[in-house]
Amino acid sequence: MIFHDVYAQVPPEDIARFVDAQELGRLITVGADGLPHIGLYPFVRDGAAIDLHLVREDELAVDLATRPGCVFEVDEVLGVIPSYWVHAEYGGSATAYHRTVIFECRGTVVEDPAAVAAQQVRLLARYQPEGGFRALDPEDPLYRGALRMLAAVRLDVVRTRVKFKLAQNRPPEARRRVIAELRRRGRPTDARAADAIEWTLGPGTSDPAVPPAP
Numbered sequence: 032m033i034f035h036d037v038y039a040q041v042p043p044e045d046i047a048r049f050v051d052a053q054e055l056g057r058l059i060t061v062g063a064d065g066l067p068h069i070g071l072y073p074f075v076r077d078g079a080a081i082d083l084h085l086v087r088e089d090e091l092a093v094d095l096a097t098r099p100g101c102v103f104e105v106d107e108v109l110g111v112i113p114s115y116w117v118h119a120e121y122g123g124s125a126t127a128y129h130r131t132v133i134f135e136c137r138g139t140v141v142e143d144p145a146a147v148a149a150q151q152v153r154l155l156a157r158y159q160p161e162g163g164f165r166a167l168d169p170e171d172p173l174y175r176g177a178l179r180m181l182a183a184v185r186l187d188v189v190r191t192r193v194k195f196k197l198a199q200n201r202p203p204e205a206r207r208r209v210i211a212e213l214r215r216r217g218r219p220t221d222a223r224a225a226d227a228i229e230w231t232l233g234p235g236t237s238d239p240a241v242p243p244a245p
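Mind the numbering: the sequence shown is residues 32 to 245 in this note's numbering, read in order.
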């Protein structure tokens, strides 16, 4: 993917809010044969690091044990538009809108059940803050077996690459036309796409990292 400056100039706080709003992310590792492996996982961000857990035998965990270089990616697909919304004749104006953040990382895999349990507590705090479960203890028979099957993975971020492709290459009046067409068309993600493009028009418009009110 190419990262044009016009799509990559996103304030760090907006990047952080967007990432934290995503429920799953893609981890990509490299196998012994040079081919990539990919998986979709819950995660929790901790400053310049990302935590997730894998089954110890997961091919991605095996990869990271010997080849720690990896990529973690989150995205939101917002949709596609027809060319005539932008230009009456030029078919090349058809395009897609999305928000993508790619973290280039170094991964560490830890199999100690206490470390796995501590990480699981952080994941539960994010995904199940209301509780409703027994406290995690690696010696508790309820958890002992499962925790010994898992590995805690920590991804230390080396570089962050961002592409919020939201019509920033078009003048404001063209973006407003696209926004109006998206709201008129009304596909499931069109309102979300319209809100995201509005954000590019300046202060006081929708924040792309926060879901719109129902």
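In this text, a Cβ means the ideal position worked out from N, Cα and C, and glycines have one as well.
Limits of the beta strand (DSSP E) - the one that residue i falls within
i: Thr-97; result: Looking at the DSSP string, Thr-97 is not in any beta strand (DSSP E); the run it does join, the alpha helix (DSSP H), is 90-97.
i: Arg-76; result: 75-77
i: Phe-103; result: 100-112
i: His-35; result: Here His-35 belongs to no beta strand (DSSP E), and DSSP marks it neither H nor E.
i: Ala-80; result: 80-86
Pair within 8 Å by beta-carbon distance, residue i and residue j
i: His-68; j: Glu-90; result: yes
i: Arg-150; j: Asp-82; result: Here residue 150 is Gln; the residue named in the question, Arg, does not match the sequence. Yes, they are a contact pair.
i: Val-117; j: Val-209; result: yes
i: Ala-182; j: His-35; result: no
i: Tyr-38; j: Lys-196; result: yes
i: Val-50; j: Val-132; result: yes
i: Ala-198; j: Arg-206; result: yes
i: Val-75; j: Met-180; result: no
i: Phe-164; j: Leu-178; result: no
i: Tyr-121; j: Ala-148; result: no
i: Ala-127; j: Pro-113; result: no
i: Pro-203; j: Leu-232; result: yes
When the options are compared against residue i, the one with the closest alpha-carbon
i: Val-102; options: Arg-175, Arg-157, Ala-47, Leu-58; result: Leu-58
i: Ala-227; options: Ala-92, Gly-110, Ile-33, Ala-96; result: Gly-110
i: Leu-213; options: Pro-203, Ala-224, Ala-148, Glu-88; result: Ala-224
i: Arg-98; options: Arg-157, Gly-122, Asp-64, Pro-42; result: Asp-64
i: Pro-144; options: Asn-200, Ala-211, Gly-176; result: Gly-176
i: Asp-45; options: Leu-55, Arg-130, Tyr-158, Asn-200; result: Arg-130
i: Glu-54; options: Arg-218, Gln-159, Thr-220, Ala-166; result: Gln-159
i: Asp-94; options: Ala-52, Gly-70, Val-108, Gly-78; result: Gly-70
i: Glu-229; options: Val-152, Ala-211, Arg-157; result: Ala-211
i: Thr-220; options: Val-108, Gly-123, Glu-161; result: Val-108
i: Ala-47; options: Met-32, Gly-100, Leu-66, Asp-77; result: Asp-77
i: Gln-40; options: Arg-216, Ala-222, Asn-200, Arg-218; result: Asn-200
Endpoints, alpha helix (DSSP H) assigned at residue i
i: Glu-229; result: 221-230
Any non-hydrogen atom of the ligand SAM closer than 7 Å to residue i Cβ
i: Glu-212; result: In the structure shown, the ligand SAM is absent, as is every other ligand, since no ligand is present at all.
Which whole runs of the beta strand (DSSP E) in the stretch 38-70 are 3 residues long or more, in chain order? 56-61
With a cut-off of 8 Å, do at least 3 Cβ pairs link the stretch 178-196 to the stretch 134-152? Proximity of the stretch 178-196 to the stretch 134-152 meets the contact definition, three or more beta-carbon pairs being nearer than 8 Å.
Enumerated in chain order, which unbroken segments of the beta strand (DSSP E) with a length of 3 residues or greater are wholly contained in the stretch 125-202? 126-141, 181-196
Check whether the stretch 160-171 and the stretch 117-130 touch, using three or more Cβ-Cβ pairs below 8 Å as the test. no
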